[in-house]
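*Asks:* Just dropping this structure here.
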Amino acid sequence: MSAMHTDLSAARLQIPVGAANRWAMIFGGIGLLGLAATASGFFSEATRMESLSAYLVAFFYVLTLAVGAMFFAALQHLVGARWSVVLRRIAENYGSFTPWLILLFIPIAVFAKDILPWMNIEGIKNPEYRQAVTVAMESKTWYLTVPFFFGRAVIYFAFWTFAGLFYYRKSVEVDTSGDAHTILLLRKLAPPTVILFGLTLTFAAFDWLMGVDPTWATTMFGVYGFAGTMLSSLALIALTARTLQGYGYMEGVVNDEHFHDIGKLMFGFTVFWAYIAYSMFMLIWYANLPEETVWYRKHWENGWSTLTWTLILLHFLVPFFGLISRTAKRHPTILKALAALLVVMHWVDLYWLIMPLFREHMAFSFYDFAAVLGTAGLFFGVAARTFGKAALIPIKDPHLADSMGYDNG
Amino acid sequence: MSAKTAVTFEDNVWGVVAEYKSPGALLEAVKAVRQAGFSAIDTYTPFPIHGMDRAMGLRPTILPYLVLGGGLTGVGCAILLQWWMNGFDYPFIIGGKPIISYQAYVPVGFELMVLLSALTTVFGLFALCRLPQPYHPLFTHDRFPRFSDDGFFLAIEATDPSFSEARAREALAAAGGTEITVVRDISET
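Just so you know, the protein sequences line up as chains A and B, in that order.
Heads up, the first sequence is in our numbering, so the first residue is 52 and it goes up one at a time.
Heads up, the second sequence is in our numbering, so the first residue is 33 and it goes up one at a time.
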């Protein structure tokens, strides 16, 4: 069986460096323009909060895409998955973006006092809210301190950088060495990687997103972030693979069987996301405690209900019914369109999560789009360059033949 | 045993069955037998074999659509049920919420959807496979119980337009089958 499926001579598995770099320039150029436009808002008192909040959403967006892709790669080693070998390099490429997150974190670190009210309680203008934060801080002072906050950030970034680069570099190393021991090493490190991924992503969401309103807390927050992260990374991998095939790459290597399976996972995590979102909402809605319900009230009134319904429709119902059938999962255009939708909706999801805490009325600003084009442009620019550096699949992975011959039956 | 030896309905042939050594051998045999022009074939194995559906040329099952219908019925019924009971039949204010609070309909809607989907899956499968079948002509074949243990059976049924006992025997043997046996339908006695 193996001999029959490992003939790679006909498949285009290497993006020419020139083409990859051209894409890197285009994406990177858009990214730098977007980042510059966003940063211009930081320095004026009038636009600071508008641009900072937009940047926070955009920062967390690429953070989840990169870290989620890194998680996908580690997860395949954890479970010893064979079907996904041909898709793993795409995840590894995106996962190797993690060191850049440190750079993107700088504005958050510099303007932390503006974003996180607990860092600057005296600066809170609304006296009632200042009182509420002061009371809330009584039980949280041990956790919400400036040194501990940045200490945690250092741990997150150290882990993400290490794991993102490690899973990328070791995998590329096997492309030339063909050494199965390297794969075993990656497998051995997968359990701690996956556990640390869960912890760091959860606490990063607590620190940087939930911390925007220190008076409110839910233990579901981290899981909610994870659900969106996992779903968007799967969608990103499917979208990338289908797009590359549109340019004639990986044909005969990645086939309908692989898309069928990643479609199944996307379908599953679409349900998981909705399940978690509703679970987070339901407990608060039922209990009806004013200090908790106020958060959802902010996400509902003054036009925000439109965005809430948009999420229910486009982050759940459309992908749910769109991905439910076998035909749709295997159909190139349908899967690609739904994957693109989910990648975009993940940004809308994070926007919905954070923005009502900064803005009373629902209204998109110029900075929202500048910021997301900025971070996503940089993300795809760096990724495009990485895509040109090595083959598009792990060409000497011991399970490559199994993956190429994979059949849903 | 005595009942079996007494059967003399020589004409009532249901089909010809053969045994194969392994799932792989069975898969190849199915391809060969279909190549030889037979289409009314079926396989009997202890476990599902990857690629067998395609090798046998089975058309996709309609079960998923039945399940979707079951699930939608479940969620629809659950919403109607809660809306009518809480809103009209026995309106009661709970936790200071409006009488019709659609937010609360989700868990019951989800559960009924899962319940009806699951029931449709199980009973739909039974119906599509025409189960339970207390009698099947193959049950008269002494070696047939091994299909749930280590036997990989392939049968060519008499309903096949190009069926003849000799041709079927020949095709099954050519594909590597052993223990080739003619199976008769004794249900009409």
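From the three backbone atoms N, C-alpha and C, an ideal C-beta is built for every residue, glycine too.
(1) Where does the unbroken beta strand (DSSP E) through threonine 210/B begin, and where does it stop?
(2) Given a cut-off of 8 angstroms, decide if aspartate 85/B and alanine 187/B are closer than it, judged by their beta-carbon atoms.
(3) Could you give the DSSP three-state label for isoleucine 446/A: helix, strand or coil?
(4) Is the separation between the beta-carbon of isoleucine 218/B and that of valine 48/B shorter than 8 angstroms?
(5) Quick check on the DSSP output: what are the complete alpha helix (DSSP H) runs of length 4 or more inside the stretch 134-196 of chain A, in order along the chain?
(6) Need the endpoints of the beta strand (DSSP E) that tyrosine 112/A sits in, please.
(7) Could you say which of Ala61/B, Gly183/B, Leu147/B and Ala50/B lies nearest to glycine 108/B if we only look at CA atoms?
(8) Classify tryptophan 46/B as helix, strand or coil using the three-state DSSP reduction.
(9) Under 7 angstroms between beta-carbons, which chain B residues line up against tryptophan 74/A? List them in chain order, please.
(10) Closest by CA to phenylalanine 420/A, which one among Gly354/A, Trp398/A, Trp346/A and Asp226/A?
(11) With H, G and I counted as helix, E and B as strand and the rest as coil, what does DSSP make of lysine 36/B?
(12) Where do the ends of the alpha helix (DSSP H) carrying isoleucine 66/A lie?
(13) Counting Cβ pairs, one atom from each stretch, are 3 or more of them under 8 angstroms apart for the stretch 97-116 of chain B and the stretch 130-137 of chain B?
(14) Buried or exposed, going by whether 16 or more other CB atoms sit within 10 Å of the CB of glutamate 342/A?
(15) Measure the C-alpha to C-alpha separation of threonine 105/B and glycine 319/A and round it to an integer number of angstroms.
(16) Can you name the residues of chain A whose CB is closer than 7 angstroms to the CB of glycine 128/B?
(17) Do threonine 251/A and valine 184/A come within 8 angstroms of each other at the CB atom, strictly closer than that value?
(18) Using a Cβ distance threshold of 8 angstroms, determine whether the stretch 400-410 of chain A contacts the stretch 93-113 of chain A, with at least three qualifying pairs required.
(19) Please name the residue, chosen from Ala379/A, Gly69/A, Thr378/A and His366/A, that lies closest to leucine 401/A on a Cα-to-Cα basis.
(20) To the nearest angstrom, how far is the alpha carbon of arginine 410/A from that of tryptophan 134/A?
(21) Just verifying my parser: in three-state terms, what is the DSSP assignment at leucine 186/B?
(22) In whole angstroms, what separates the C-alpha of histidine 450/A from that of valine 136/A?
(23) Starting from aspartate 74/B and walking both ways along the beta strand (DSSP E), at which residues does that stretch end?
(24) Closest by CA to glycine 88/B, which one among Tyr52/B, Ala72/B and Gly101/B?
(25) Report the CB separation of serine 376/A from glutamate 101/A in whole angstroms; it is logged as a contact under 8 angstroms.
(26) Report yes or no: is there a C-beta of chain B within less than 8 angstroms of the C-beta of tryptophan 336/A?
(27) Of all the CB atoms in chain B, is at least one closer than 8 angstroms to the CB of tyrosine 329/A?
(28) Could you confirm whether any beta carbon from chain A is found closer than 8 angstroms to the beta carbon of valine 138/B?
(29) Using 8 angstroms as the limit for Cβ to Cβ distance, is glutamine 114/B near chain A?
(30) Near lysine 315/A, what residues of its chain come up, given a Cβ to Cβ distance below 7 angstroms and the 5 sequence neighbours on each side ignored?
(31) To the nearest angstrom, report how far apart lysine 349/A and alanine 241/A are at their CA atoms.
(32) Suppose you measure from the CA of alanine 4/B to the CA of proline 193/B; what does that come to, to the nearest Å?
(33) Which residues does DSSP pair with valine 305/A in a beta bridge?
(34) How would you write the range of the alpha helix (DSSP H) that methionine 406/A sits in, first residue to last?
(35) Determine the burial state of glutamate 143/A: buried for a count of at least 16 other Cβ atoms within 10 Å of its Cβ, exposed for fewer.
(36) Locate the alpha helix (DSSP H) running through serine 283/A, then write down its first and last residues.
*Replies:* Once the coordinates are examined:
(1) 210-216
(2) no
(3) coil
(4) no
(5) 136-146, 149-161, 163-166 and 178-188
(6) Tyrosine 112/A -> not in any beta strand (DSSP E); alpha helix (DSSP H) instead, spanning 99-129.
(7) Leu147/B
(8) strand
(9) Going along chain B, no residue has its Cβ under 7 angstroms from tryptophan 74/A, so there is no contact; the nearest lies around 38 angstroms.
(10) Trp398/A
(11) Reliability of the predicted coordinates at lysine 36/B is poor, the pLDDT of 49 falling under 50, and the value obtained from them is presented with this limitation in mind. Lysine 36/B: helix per DSSP, three-state reduction.
(12) It is not in any alpha helix (DSSP H) - isoleucine 66/A carries neither H nor E in the DSSP assignment.
(13) yes
(14) exposed
(15) 21 angstroms
(16) Asn339
(17) no
(18) yes
(19) His366/A
(20) When rounded, the distance between both Cα atoms is 45 angstroms.
(21) Leucine 186/B falls in the strand class under three-state DSSP.
(22) 7 angstroms
(23) 73-76
(24) For the sequence presented, residue 88/B should be read as methionine rather than glycine. Checking every option, the nearest Cα to that of methionine 88/B belongs to Ala72/B.
(25) Between glutamate 101/A and serine 376/A the Cβ distance is about 43 angstroms, and since that is not below 8 angstroms, they are no contact.
(26) yes
(27) So yes, tyrosine 329/A belongs to the interface.
(28) Yes, its Cβ sits closer than 8 angstroms to a Cβ of chain A.
(29) no
(30) Lys380
(31) 40 angstroms
(32) Nothing can be reported for residue 4/B: it is not among the residues displayed for chain B, which extend from 33 to 221.
(33) Glu302/A
(34) For methionine 406/A, the uninterrupted alpha helix (DSSP H) segment begins and ends at 383-409.
(35) buried
(36) 272-297
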